[in-house]
Amino acid sequence: MPLSLYVDGPRWRDHLTKTADDNPGLIPVAKGNGYGLTVGRLARRAEWLGVDTIAVGTYPEVAEVVQRFSGDILVMEPWRPFSPGVSYGDRVIHTVGRRSDLAALPAAAGPGGSPRVLLEALTSMRRHGFAADDLAQVGRSIRGLRVEGHAVHLPLGDGHVAEVERWLAAAPARRWFASHLRHDELDELSRRHPDVEFRPRVGTALWLGDRGALQAMATVLDAHRVRRGEQVGYRQRRIGRDGTVLIVSGGTAHGVALVAPNAAASPRARAAALAQGGLSASGRALSPYLVDGKQRWFAEPPHMQVSMIFVPSGATCPDVGDEVKLQVRFTTTTFDRVVVS
Ligand SMILES: *Cc1c(COP(=O)(O)O)cnc(C)c1O
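All residue numbers for the sequence shown refer to the working numbering, where the first residue is 72 and numbers rise by one.
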């Protein structure tokens with residue numbers, strides 16, 4: 072009795088190939104919950120797209136792609152001496168952002184090969200990486216490692232070209248891995264620097280860039296007629312008017328009604344986040360479920376695997392076994408099944 076993600080296969084695949092065409096050198100990013108689609112599925116899709124490299128977020132995620140994708144695997148979390156050892160040999164490219172890690176990696180990787188690394192720049196994101204002077208210096212004097220290029224991870228938004236230009240001048244490299252550059256910014260940089268290879272790392276705009284190809288659906292598991300004043304749920308809340316309480320698949324275990332804090336940057340974004348199921352302080356919350364064309368209120372906050380929503384009398388109620396649409400944030404939702412047509 073699942074929470075399902077339906078993917079319009081032809082439309083989705085069209086978008087993937089178009090995005091790959093628009094972004095020469097594209098490196099698909101497959102991490103976390105796989106943008107709702109699972110990392111394994113994205114790895115197979117990347118293989119189908121024919122790219123030579125995939126990027127994962129963490130070392131444990133390497134295991135999810137290594138059998139499904141035949142090219143190189145770029146790990147975006149920086150390598151640390153306490154990182155779990157991975158023995159996928161030459162296919163793995165490590166991200167390094169500290170001198171001490173550069174010094175420790177060759178020995179940690181064991182005898183034989185020299186590990187492949189990219190050197191990360193500490194951009195205005197201020198997450199990980201070398202400061203500009205450092206990056207320029209370490210790039211010149213590396214032993215026991217093969218440097219694949221430098222990387223910039225930029226904040227969301229635009230106006231990135233100037234920052235990338237500063238890095239190119241300060242710490243030249245033949246290849247730059249870039250995150251969150253728009254493809255017109257990338258085109259501009261490629262035009263200005265024909266001798267530099269840019270490799271855009273793209274997740275959201277690739278996998279979720281055509282939202283119309285994706286639809287989340289919940290299954291109606293039960294339906295109970297209720298009268299005004301009756302009590303329901305763990306918290307025994309009183310129902311305000313006559314109607315039906317629907318029990319639908321999708322709860323906190325799936326990430327339903329959980330909102331990542333960074334979603335709420337502006338008042339408009341906050342309103343949208345709330346509409347997508349953030350629980351309001353008042354205790355009453357609009358659910359992300361759509362019944363008879365309208366978003367409905369939670370009868371009480373969602374449970375682990377199901378939610379109780381209230382449909383007032385007068386609205387058309389679905390039957391048990393029917394599916395209803397819901398709006399989700401794909402990066403925080405775990406579906407019971409994904410159906411690609
Ligand atoms: C997650 C991540 C990406 C992909 O981000 P999207 O916004 O999903 O495209 C790119 N680069 C790095 C370093 C990341 O951590």
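Even for Gly, the Cβ is constructed at its ideal location relative to N, Cα and C.
Model, not experiment: these values are computed from the prediction.
Identified DSSP bridge partners for residue i
| i | result |
| --- | --- |
| M288 | S75 and K396 |
| D293 | I318 |
| P152 | In the DSSP output, where bridge partners are listed per residue, P152 has none listed. |
| Q366 | L361 |
| V218 | V188 |
| D143 | T124 |
| E371 | M379 |
| V410 | Y77 |
| F201 | A192 |
| A386 | S384 |
| V273 | P99 |
| Q302 | R309 |
Close-in-space but distant-in-sequence residues of the same chain around residue i (CB under 7 angstroms, 5 per side omitted)
| i | result |
| --- | --- |
| I318 | L292, D293, V377 and M379 |
| G128 | K102, G103, M147 and E148 |
| D79 | A284 and S412 |
| M72 | T290, L292 and S320 |
| F269 | G96, W247, A249, L257, L260 and S261 |
| E219 | I164, R187, V188, L189 and R246 |
| G280 | H86 and T90 |
| R296 | T315 |
| M375 | G322, T323 and A324 |
| H264 | L239 |
| A207 | A241 and A242 |
Residues of its chain near residue i, where Cβ-Cβ distance is below 6 angstroms and the 5 sequence neighbours each way are ignored
| i | result |
| --- | --- |
| S145 | Here residue 145 is Leu; the residue named in the question, Ser, does not match the sequence. Cβ neighbours of L145 beyond the five flanking positions: T124, A126 and I164. |
| L397 | A287, A289, P359 and Y360 |
| A222 | L189, E191 and F248 |
| R217 | S185 and R187 |
| P383 | R312 and G314 |
| D407 | P73 and L74 |
| A386 | D363 |
| E301 | I310 |
| R115 | R139 |
| R413 | Past the boundaries of the shown model lies residue 413; the chain is included only from 72 to 412, so the question cannot be answered. |
| R306 | E371 |
Beta-carbon spacing of residue i, residue j below 8 angstroms
| i | j | result |
| --- | --- | --- |
| D205 | R187 | no |
| A101 | A117 | yes |
| P373 | G322 | yes |
| A284 | R82 | yes |
| V395 | L361 | yes |
| L173 | I213 | yes |
| E256 | V232 | yes |
| G111 | E135 | yes |
| A241 | A203 | yes |
| L225 | L252 | yes |
| T405 | H325 | yes |
| L113 | V409 | no |
| S154 | Y130 | yes |
| Y106 | T402 | yes |
| P177 | G215 | yes |
| P152 | A179 | yes |
| E234 | S195 | yes |
Residues of its chain near residue i, where Cβ-Cβ distance is below 8 angstroms and the 5 sequence neighbours each way are ignored
| i | result |
| --- | --- |
| G184 | G160 and D161 |
| A370 | V303, G304, R308, I310, V316, M379, I380 and F381 |
| G168 | P149, L190, E191, L193, H199, G200 and F201 |
| W368 | R355, A356, L357, S358, I380 and F381 |
| V209 | R170, L173, L190 and F201 |
| V122 | A91, L97, I98, P99 and G142 |
| H254 | D93, N94 and P271 |
| D390 | V291 and A294 |
| S353 | Note that S353 scores 47 on pLDDT, short of 50, meaning its location in the model is unreliable and no value can be drawn from it. |
| V267 | L239, A244, R245, R246, W247, L260 and S261 |
| K365 | A386 |
| C440 | Residue numbering for the chain in the displayed model covers 72 to 412; residue 440 lies beyond these limits and cannot be assessed. |
Extract the residue ranges of the alpha helix (DSSP H) inside the segment 158 to 182, only unbroken runs of 4 or more that lie entirely within it.
As far as the segment 158 to 182 is concerned, its whole alpha helix (DSSP H) runs of at least 4 residues are 170 to 179.
Which whole runs of the beta strand (DSSP E) in the segment 211 to 271 are 3 residues long or more, in chain order?
217 to 224 and 246 to 250
In the segment 92 to 125, which residue ranges form an unbroken alpha helix (DSSP H) of at least 4 residues, counting only runs that do not cross its ends?
110 to 120
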